[in-house]
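Participant:
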């Protein structure tokens, strides 16, 4: 009789441009050694990563991932709309929209960002549950979702709401957990490395996604034979950048050279998108030109071979595609390391991940860009576009914990009846003339708060007759 697995851990990395999932079993607490498997079979494709896109055909079920068709409006980059602290214009790449014809960070009429994300995750859940692995009886399930390190609490709440609406965690045997993308990616890279790390080792992890870059610095603590803990050294950041800049620069150049002869169905045509991806990954910067098959109504020139239907790109063309995003990432990493160390100690290692690390040229350029940064070593993920899903699954199986968290915002309670000094009696307060609301800080942005340690803020809080007893609690960046 086949033994029933005691626990199933499934990690879902819902990204701005692409999504991946991985899973593993845990028998009798042996999660540290349990193998992890990447989900590689999705509707219409057998690849580990699928687009984070949604469509809503009238009168039909929503279409997600590669079910999307060119005839319908496609909703992209919806994940970024979950953070109410971000204006959509802050992260929307208007230039990419202009040169590609894509609509980014838009919502269908009558649907919220939470609802669109929930619809997408519902597609993920329904697909996973078709597998016999997820239908095993008497099994406990943990779903780990990776989220941007710099997300506000409001964004995390909205993501949790979307996860719940999608059906995750509703059953008694299911649990939902969140982990930052940077932490999950770091766990994956550290596990793949043969190096044994000691308590006190430090590293910076940089996850270059499609539309954002997650950067965080950690110290390894409490190392044992089977696990370790991570301590955040500074507030993680997730600035607007990423590999979509390369696509934008490519499309921009095509529009400049070919004008209306060039149409841009790359994002709607899997084959053309795959050919462009292969070109980017194969580029090594050796001075040679490269060709991309794309038929259009255009005469032969130094940029186009009309007989073969090939776009011709020079070495300098492709270098320029990479230069902007690489320069941005190097700047962001150096700035984050400076904030984390404050000149008091060094960061030992830099861990680089994200789909851009598939490119040998990008890896070489990053190594050159960080040669004077003082890192003892730079490690590149072996599976860069999948490291967050693999690392999240490993965290769930092994029990690796993040002991300290750096507060990303300052939190206040505001009320005219708030007093820090003791001794005032209620009647004295009632007899006072009306005073403006006074904000009292509860949590401080940038301060590291230790796990398990109680923190308290002492103050007197009064309410005049007829005033609401619930007082506003707010945050500031």
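In our numbering, the protein residues as written are 6 to 482.
Where is the CB? At the ideal position from N, CA and C, for every residue including glycine.
Cβ of residue 18 within 8 Å of Cβ of residue 59?
Facilitator: Reading the chain shown from its first residue, position 13 is the one you call residue 18. Reading the chain shown from its first residue, position 54 is the one you call residue 59. No, they are not a contact pair.
Participant: Just list the beta strand (DSSP E) runs in the stretch 178-231, keeping only unbroken ones of 3 residues or longer that don't cross its boundaries, in chain order.
Facilitator: 179-185, 207-213, 218-226
Participant: On the criterion of 16 or more Cβ atoms from any shown chain inside 10 Å, does residue 281 qualify as buried, or is it exposed?
Facilitator: Residue mapping note: residue 281 aligns to position 276 of the chain shown, counting from 1. Buried is the call here.
Participant: CB residue 2 to CB residue 57, shorter than 8 Å?
Facilitator: Here the chain has residues from 6 to 482 only, and residue 2 is not among them.
Participant: State the Cα-Cα distance for the pair residue 284 and residue 175, rounded to the nearest angstrom.
Facilitator: Numbered from its first residue, the chain shown carries residue 284 at position 279. Numbered from its first residue, the chain shown carries residue 175 at position 170. Looking at the two C-alpha atoms, the distance is approximately 44 Å.
Participant: Give the DSSP-derived three-state secondary structure of residue 135 in the structure shown.
Facilitator: Your numbering for residue 135 matches position 130 in the chain shown. Residue 135 falls in the coil class under three-state DSSP.
Participant: Does residue 332 come out as helix, strand or coil in the three-state DSSP assignment?
Facilitator: The residue you call residue 332 lines up with position 327 of the chain shown. Of the three classes helix, strand and coil, the one that applies to residue 332 here is helix, per DSSP.
Participant: In the DSSP assignment, the alpha helix (DSSP H) including residue 349 goes from what residue to what residue?
Facilitator: Sequence index remark: in the chain shown, residue 349 carries index 344 (1-based). Counting along the chain, residue 349 falls outside any alpha helix (DSSP H), and DSSP gives it neither H nor E.
Participant: Comparing C-alpha positions only, which one of 22, 70, 327 sits nearest to residue 286?
Facilitator: For the purposes of this step, residue 286 is taken as residue 281 along the chain shown, with counting starting at 1. With distances taken between Cα atoms, residue 286 lies closest to 327.
Participant: Is it buried or exposed, residue 351, if we count other Cβ atoms within 10 angstroms and call 16 or more buried?
Facilitator: On the chain shown, position 346 is the one that residue 351 refers to. It counts as exposed.
Participant: How is residue 80 classed by DSSP in three states: helix, strand or coil?
Facilitator: Here the question's residue 80 lines up with position 75 in the chain shown. In the structure shown, residue 80 sits in a strand (DSSP, three-state: E or B).
Participant: How many Å lie between residue 208 and residue 373 at the Cα?
Facilitator: In the chain shown, counting from the first residue as 1, residue 208 sits at position 203. In the chain shown, counting from the first residue as 1, residue 373 sits at position 368. Straight-line Cα distance between these residues: approximately 18 Å.
Participant: Select from 61, 313, 14, 308 the residue whose C-alpha is nearest the C-alpha of residue 44.
Facilitator: Mapped onto the chain shown, residue 44 falls at position 39. Nearest C-alpha to residue 44: 14.
Participant: Mind reading off the beta-carbon distance from residue 301 to residue 266? Whole number of angstroms is fine, and I expect it under 8 Å.
Facilitator: As a position in the chain shown, residue 301 is number 296, starting the count at 1. As a position in the chain shown, residue 266 is number 261, starting the count at 1. Between the beta-carbon of residue 301 and that of residue 266 there is about 5 Å, and that keeps the pair under the 8 Å contact cut.
Participant: Could you give the C-beta distance for residue 295 and residue 323, rounded to a whole number, given that I count them as a contact under 8 Å?
Facilitator: As a working note, residue 295 is residue 290 in the chain shown. As a working note, residue 323 is residue 318 in the chain shown. About 6 Å; that satisfies the 8 Å criterion.
Participant: In angstroms with no decimal places, state the Cα-to-Cα distance between residue 197 and residue 338.
Facilitator: Looking up residue 197 in the chain shown gives position 192. Looking up residue 338 in the chain shown gives position 333. Rounded to whole angstroms, residue 197 to residue 338 spans 22 Å at the Cα level.
Participant: On the three-state DSSP scale, how would you describe residue 239?
Facilitator: Taking the first residue of the chain shown as 1, we reach residue 239 at position 234. Note: residue 239 maps to coil in three-state DSSP.
Participant: Please determine, among 378, 360, 154, 367, the residue with the shortest C-alpha to C-alpha distance to residue 354.
Facilitator: Taking the chain shown and counting its residues from 1, one reaches residue 354 at position 349. Nearest option by C-alpha distance: 378.
Participant: My understanding is that residue 219 touches residue 160, with C-beta atoms under 8 Å, so please give their C-beta distance in whole angstroms.
Facilitator: Walking along the chain shown from the start, residue 219 turns up at place 214. Walking along the chain shown from the start, residue 160 turns up at place 155. Rounded to the nearest angstrom, the Cβ distance from residue 219 to residue 160 is 13 Å, too far for a contact under 8 Å.
Participant: Can you list, in chain order, the residues of its chain with a C-beta nearer than 8 Å to that of residue 47? Leave out the 5 residues immediately preceding and following it.
Facilitator: Locating residue 47 in the chain shown gives position 42, counting from the first residue. Cβ neighbours of residue 47 beyond the five flanking positions: 55, 70, 71, 132.
Participant: I need the straight-line Cα distance from residue 320 to residue 402, nearest angstrom please.
Facilitator: As a working mapping, residue 320 is identified with position 315 in the chain shown. As a working mapping, residue 402 is identified with position 397 in the chain shown. About 45 Å.
Participant: Let me make sure I understand the geometry here. Which of 11, 308, 16, 21 has the alpha-carbon closest to that of residue 247?
Facilitator: Reading the chain shown from its first residue, position 242 is the one you call residue 247. Looking at the Cα atoms, 21 is the closest of the given residues.
Participant: Which class does residue 57 belong to by DSSP, given the choice of helix, strand or coil?
Facilitator: Locating residue 57 in the chain shown gives position 52, where the first residue counts as 1. Coil.
Participant: Taking residue 386 and residue 193 to be in contact with their CB atoms under 8 Å, please state how far apart those CB atoms are, rounded to whole angstroms.
Facilitator: Position 381 of the chain shown, counted from the start, is the residue given in the question as residue 386. Position 188 of the chain shown, counted from the start, is the residue given in the question as residue 193. That belief holds up - the Cβ atoms of residue 386 and residue 193 are roughly 7 Å apart, short of 8 Å.
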